[in-house]
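Novice: Using my numbering, read the sequence shown as starting at 1 and increasing by one per residue.
Next up is a structure, given as structure tokens.
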Amino acid sequence: MSEQRPYLQVIPGGLAETTEPGRRHFSEAWATSSRLMGVVVSCIRWSRKEDDTSDAVSEPEDLWQYFYYDFEGDGLTRCEQYEGEDGEERRDLELSFIGGLGSRKVPISQKQAVYLLQRFVWYNRNNGLELPDNPSSYLFLMDMDGSLTAEEARQLMLHCSETITTRNMLANYFVMRLTGRDYEGASLLLSEEYAYDYPSAMAQMDILPDLPAGTLYRNRVRLQGTSGLCSCEAVIDADGYYIIVLELTFDGLSVQSWNLVSRLALTYVEAHMNLSRPEYVAQYVFSGEPEDFQRSALPVLRRAMVTEEHDGRTFVIYNKDNSHVDSSLYLLHGDVFCVIHIGDSGEMLAASSSAENLRRIELDLWLCPLRDRIVIGNSYEFNEPVLIHYLNSDFPEFSEFVDAIKLE
Numbered sequence: 001m002s003e004q005r006p007y008l009q010v011i012p013g014g015l016a017e018t019t020e021p022g023r024r025h026f027s028e029a030w031a032t033s034s035r036l037m038g039v040v041v042s043c044i045r046w047s048r049k050e051d052d053t054s055d056a057v058s059e060p061e062d063l064w065q066y067f068y069y070d071f072e073g074d075g076l077t078r079c080e081q082y083e084g085e086d087g088e089e090r091r092d093l094e095l096s097f098i099g100g101l102g103s104r105k106v107p108i109s110q111k112q113a114v115y116l117l118q119r120f121v122w123y124n125r126n127n128g129l130e131l132p133d134n135p136s137s138y139l140f141l142m143d144m145d146g147s148l149t150a151e152e153a154r155q156l157m158l159h160c161s162e163t164i165t166t167r168n169m170l171a172n173y174f175v176m177r178l179t180g181r182d183y184e185g186a187s188l189l190l191s192e193e194y195a196y197d198y199p200s201a202m203a204q205m206d207i208l209p210d211l212p213a214g215t216l217y218r219n220r221v222r223l224q225g226t227s228g229l230c231s232c233e234a235v236i237d238a239d240g241y242y243i244i245v246l247e248l249t250f251d252g253l254s255v256q257s258w259n260l261v262s263r264l265a266l267t268y269v270e271a272h273m274n275l276s277r278p279e280y281v282a283q284y285v286f287s288g289e290p291e292d293f294q295r296s297a298l299p300v301l302r303r304a305m306v307t308e309e310h311d312g313r314t315f316v317i318y319n320k321d322n323s324h325v326d327s328s329l330y331l332l333h334g335d336v337f338c339v340i341h342i343g344d345s346g347e348m349l350a351a352s353s354s355a356e357n358l359r360r361i362e363l364d365l366w367l368c369p370l371r372d373r374i375v376i377g378n379s380y381e382f383n384e385p386v387l388i389h390y391l392n393s394d395f396p397e398f399s400e401f402v403d404a405i406k407l408e
């Protein structure tokens, strides 16, 4: 798991001139327990020194820096910082990083936080990937001590991972990491016999050498009693859809061996049939601007990812955790609780693959502070997701879109 660290010249500028941003010192750091999902978000908090009597004391006391790391090939994709006194604004920024991960925040040391940043700066540079905006705001970290041994780095990755409690969870995470060609992540799930030979194990994990990193959409896990044997039938997208069948053997709650049994390419229609799921949609009229509907409107919006699209804003609300991975049938979108879209025209849509989840959203809407500005409209049940297609269409109203697809 060790990797070559080439010489990297830090470009001076801004905070790069000091190893402490704005005369602040390290206060705390944390990372998300989402390593087995293929991404980790970390945060470093810098605080003003108590004996600082300079003119800078008029500036905000704390500075938070957030980093988004992708282990499936995209590297360091996002970095933003907050320097201010508005706690709500800072929490909104933080939620924009971690709201969809369904993970805990685990404490890490300064050296571990620096290691993560340095590792991914090197990765981006070595693979021709641009660093996120304003590198001078975080490249000062390259001058700090982030050296970890291979075992210390592995322990950090385990610290940033959810504890495996069932074999369903073990199988789903393992197939997910193999599909994403994230062999380091998969190696975290191996039995002790690989403890000192991870490079060899990771070489054996390349079971689909002619395919790029892909996405696991569905995985059916079939455990054979208590024998430690398992069969997985997975639908993946790796520049094309495939069904792959793997056999795994377990040693307790770790993977002992793996073998690709078969691979079958799917047409788009065949993949659609395998991945189809119902969707329930409720339509409302909201007498306000999309910007009036903030995270504070509903408690569940605290864990939503917000995007501006289709002349409005969309809230993708995720479940509180990644318990959907602990299932004999894993579905990629099983972590989505509900989607709410509010358009400039006042149209408001709520959609979910679960009728129960949609009823819970409807109840929350009638109890929220904006309930007097919400009028219920039609409700729909579809045998496949349609809201995403509507948001990608040119139809101004959802009812018009529904009428159009009825004619197809």
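Positions of the beta carbon are idealized from the N, C-alpha and C atoms, including for glycine.
Between residue 88 and chain D, is the shortest Cβ-Cβ distance under 8 Å, so that the two count as touching?
Specialist: Absent from the structure: chain D. Only one protein chain is present.
Novice: Would you mind giving the Cβ-Cβ distance between residue 36 and residue 125, rounded to the nearest angstrom? I have them listed as a contact below 8 Å.
Specialist: Stepping through the sequence shown from its first residue, residue 36 is reached at position 36. Stepping through the sequence shown from its first residue, residue 125 is reached at position 125. Their Cβ separation, rounded to whole angstroms, is 26 Å, which puts residue 36 and residue 125 out of contact at 8 Å.
Novice: What is the DSSP secondary structure of residue 406, reduced to helix, strand or coil?
Specialist: Within the sequence shown, the letter at position 406 stands for residue 406. In the structure shown, residue 406 sits in a helix (DSSP, three-state: H, G or I).
Novice: Inspect the beta-carbon positions of residue 146 and residue 115 and report whether they are closer than 8 Å.
Specialist: Here residue 146 refers to the residue found at position 146 of the sequence shown. Here residue 115 refers to the residue found at position 115 of the sequence shown. Taking 8 Å as the Cβ cut-off, residue 146 and residue 115 qualify as a contacting pair.
Novice: Give a yes or no on whether the C-beta atoms belonging to residue 335 and residue 319 are separated by under 8 Å.
Specialist: Within the sequence shown, numbered from 1, the residue matching residue 335 stands at position 335. Within the sequence shown, numbered from 1, the residue matching residue 319 stands at position 319. The answer is yes: Cβ separation under 8 Å.
Novice: What do you get for residue 6, buried or exposed, if any count of 16 or more other CB atoms within 10 angstroms of its CB means buried?
Specialist: One-based indexing of the sequence shown puts residue 6 at position 6. Note that residue 6 scores a pLDDT of 44, beneath 50, so its modelled location is shaky and nothing firm can be said.
Novice: Applying the criterion that 16 or more other CB atoms from any shown protein chain within 10 Å of the CB defines a buried residue, is residue 366 buried or exposed?
Specialist: Start at 1 with the first residue of the sequence shown, and residue 366 comes out as number 366. Exposed is the call here.
Novice: Who are the Cβ neighbours of residue 391 in its own chain at under 7 Å, not counting the five residues just before and after it?
Specialist: Position 391 of the sequence shown holds residue 391. Only 309, 310, 314, 341 meet the Cβ criterion.
Novice: Taking C-beta to C-beta, are residue 67 and residue 41 nearer than 8 Å?
Specialist: If you number the sequence shown from 1, residue 67 lands on position 67. If you number the sequence shown from 1, residue 41 lands on position 41. Their beta carbons are under 8 Å apart, which means residue 67 touches residue 41 by this criterion.
Novice: Compute the Euclidean distance between the alpha carbons of residue 120 and residue 216, then round it to the nearest angstrom.
Specialist: Position 120 of the sequence shown holds residue 120. Position 216 of the sequence shown holds residue 216. Straight-line Cα distance between these residues: approximately 24 Å.
Novice: For residue 303, which residues of its own chain have a beta-carbon under 6 Å away from its beta-carbon, when the five flanking residues on both sides are left out?
Specialist: Here residue 303 refers to the residue found at position 303 of the sequence shown. For residue 303, where only same-chain residues beyond five positions count, the Cβ hits under 6 Å are 99, 318.
Novice: By the three-class DSSP mapping on this structure, what secondary structure does residue 151 have?
Specialist: For the purposes of this step, residue 151 is taken as the residue at position 151 of the sequence shown. Residue 151 falls in the helix class under three-state DSSP.
Novice: Entirely within the region 294 to 350 and at least 3 residues each: give me those beta strand (DSSP E) ranges in chain order.
Specialist: Fully enclosed beta strand (DSSP E) runs of 3 or longer: 304 to 309, 312 to 318, 329 to 331, 336 to 343.
Novice: Give a yes or no on whether the C-beta atoms belonging to residue 21 and residue 76 are separated by under 8 Å.
Specialist: As a first step, residue 21 is located in the sequence shown; it is residue number 21 there, counting from the start. As a first step, residue 76 is located in the sequence shown; it is residue number 76 there, counting from the start. No; because the gap between Cβ atoms is not below 8 Å, this pair is not in contact.
Novice: Beta-carbon within less than 8 Å of residue 174's beta-carbon, same chain only, minus the 5 sequence neighbours each way: which residues are those?
Specialist: For this step, residue 174 is matched to residue 174 along the sequence shown. If we look at residue 174 and ignore the five residues flanking it on each side, its Cβ neighbours are 186, 189, 248, 255, 258.
Novice: Classify residue 374 as buried or exposed, calling it buried when 16 or more other Cβ atoms lie within 10 Å of its own Cβ.
Specialist: Mapped onto the sequence shown, residue 374 falls at position 374. Buried, by the Cβ-count rule.
Novice: In whole angstroms, give me the CA-to-CA distance for residue 260 and residue 246.
Specialist: On the sequence shown, position 260 is the one that residue 260 refers to. On the sequence shown, position 246 is the one that residue 246 refers to. Straight-line Cα distance between these residues: approximately 5 Å.
Novice: Let me know if residue 349 comes out buried or exposed under the rule of 16 or more other beta-carbons within 10 Å of its beta-carbon.
Specialist: Indexing the sequence shown from 1 puts residue 349 at position 349. The residue is buried, with at least 16 neighbouring Cβ atoms inside 10 Å.
Novice: Inspect the CB distances between the region 379 to 388 and the region 273 to 293 and report whether three or more fall short of 8 Å.
Specialist: The region 379 to 388, when compared against the region 273 to 293, does touch it at the 8 Å Cβ threshold.
Novice: What's the C-alpha gap between residue 285 and residue 270?
Specialist: On the sequence shown, residue 285 is found 285 positions in, with the first residue counted as 1. On the sequence shown, residue 270 is found 270 positions in, with the first residue counted as 1. Distance between the alpha carbons of residue 285 and residue 270 is about 37 Å.
Novice: Rounding to the nearest angstrom, what Cα-Cα distance links residue 112 and residue 301 in this structure?
Specialist: Walking along the sequence shown from the start, residue 112 turns up at place 112. Walking along the sequence shown from the start, residue 301 turns up at place 301. Cα to Cα, the separation comes out at about 31 Å.
Novice: Return the CA-CA distance between residue 11 and residue 368, expressed in angstroms with no decimal places.
Specialist: Mapped onto the sequence shown, residue 11 falls at position 11. Mapped onto the sequence shown, residue 368 falls at position 368. With a pLDDT of 39 at residue 11, under the threshold of 50, the modelled position of that residue is not reliable, and the figure given next carries that caveat. Distance between the alpha carbons of residue 11 and residue 368 is about 50 Å.
Novice: Let me make sure I understand the geometry here. Which of 343, 101, 227, 170 has the alpha-carbon closest to that of residue 333?
Specialist: Counted from its first residue, the sequence shown places residue 333 at position 333. Ranking the options by Cα distance to residue 333, first place goes to 101.
Novice: Within 10 angstroms of the Cβ of residue 288, are there 16 or more other Cβ atoms? Answer buried if so, exposed if not.
Specialist: On the sequence shown, residue 288 is found 288 positions in, with the first residue counted as 1. With fewer than 16 Cβ atoms within 10 Å of its Cβ, residue 288 is classed as exposed.
Novice: Does the beta-carbon of residue 262 have 16 or more other beta-carbons within 10 angstroms, so that it is buried, or is it exposed?
Specialist: Numbered from 1 along the sequence shown, position 262 holds the residue referred to as residue 262. Counting Cβ neighbours within 10 Å, residue 262 comes out exposed, since fewer than 16 surround it.
Novice: Please report the distance separating the alpha-carbon of residue 404 from that of residue 395.
Specialist: In the sequence shown, counting from the first residue as 1, residue 404 sits at position 404. In the sequence shown, counting from the first residue as 1, residue 395 sits at position 395. The alpha-carbon atoms of residue 404 and residue 395 are separated by roughly 9 Å.
Novice: Have a look at 135, 183, 137, 141 and flag the residue whose alpha-carbon is nearest the alpha-carbon of residue 154.
Specialist: If you number the sequence shown from 1, residue 154 lands on position 154. Residue 183 is the option with its Cα nearest to residue 154.
Novice: Have a look at residue 328 and residue 228 and give me their C-alpha separation to the nearest angstrom.
Specialist: Indexing the sequence shown from 1 puts residue 328 at position 328. Indexing the sequence shown from 1 puts residue 228 at position 228. Cα to Cα, the separation comes out at about 15 Å.
Novice: So which of 143, 61, 385 has the shortest CA-CA distance to residue 86?
Specialist: Position 86 of the sequence shown holds residue 86. The shortest Cα separation from residue 86 among 143, 61, 385 belongs to 61.
Novice: Look up residue 46 in the DSSP assignment and give the residues it is bridged to.
Specialist: Start at 1 with the first residue of the sequence shown, and residue 46 comes out as number 46. Answer is 26, 63.
Novice: Does the beta-carbon distance from residue 74 to residue 295 come in below 8 Å?
Specialist: Along the sequence shown, one-based indexing puts residue 74 at 74. Along the sequence shown, one-based indexing puts residue 295 at 295. No, these two residues do not count as a Cβ contact at 8 Å.
Novice: Three-state secondary structure (DSSP) at residue 213?
Specialist: Within the sequence shown, the letter at position 213 stands for residue 213. Note: residue 213 maps to coil in three-state DSSP.
Novice: Are the Cβ atoms of residue 222 and residue 230 separated by less than 8 Å?
Specialist: Locating residue 222 in the sequence shown gives position 222, where the first residue counts as 1. Locating residue 230 in the sequence shown gives position 230, where the first residue counts as 1. Going by C-beta atoms, residue 222 is nearer than 8 Å to residue 230.
Novice: So, helix, strand or coil for residue 163, using DSSP?
Specialist: Position 163 of the sequence shown, counting from 1, holds the residue named residue 163. Residue 163 falls in the coil class under three-state DSSP.
Novice: Distance check for residue 272 and residue 264, CA to CA, integer angstroms please.
Specialist: Taking the first residue of the sequence shown as position 1, residue 264 is located at position 264. Taking the first residue of the sequence shown as position 1, residue 272 is located at position 272. Their backbone Cα atoms lie some 15 Å apart in a straight line.
Novice: By the 10 Å Cβ neighbour count, where 16 or more other Cβ atoms means buried, how is residue 127 classified, buried or exposed?
Specialist: Here residue 127 refers to the residue found at position 127 of the sequence shown. It counts as exposed.
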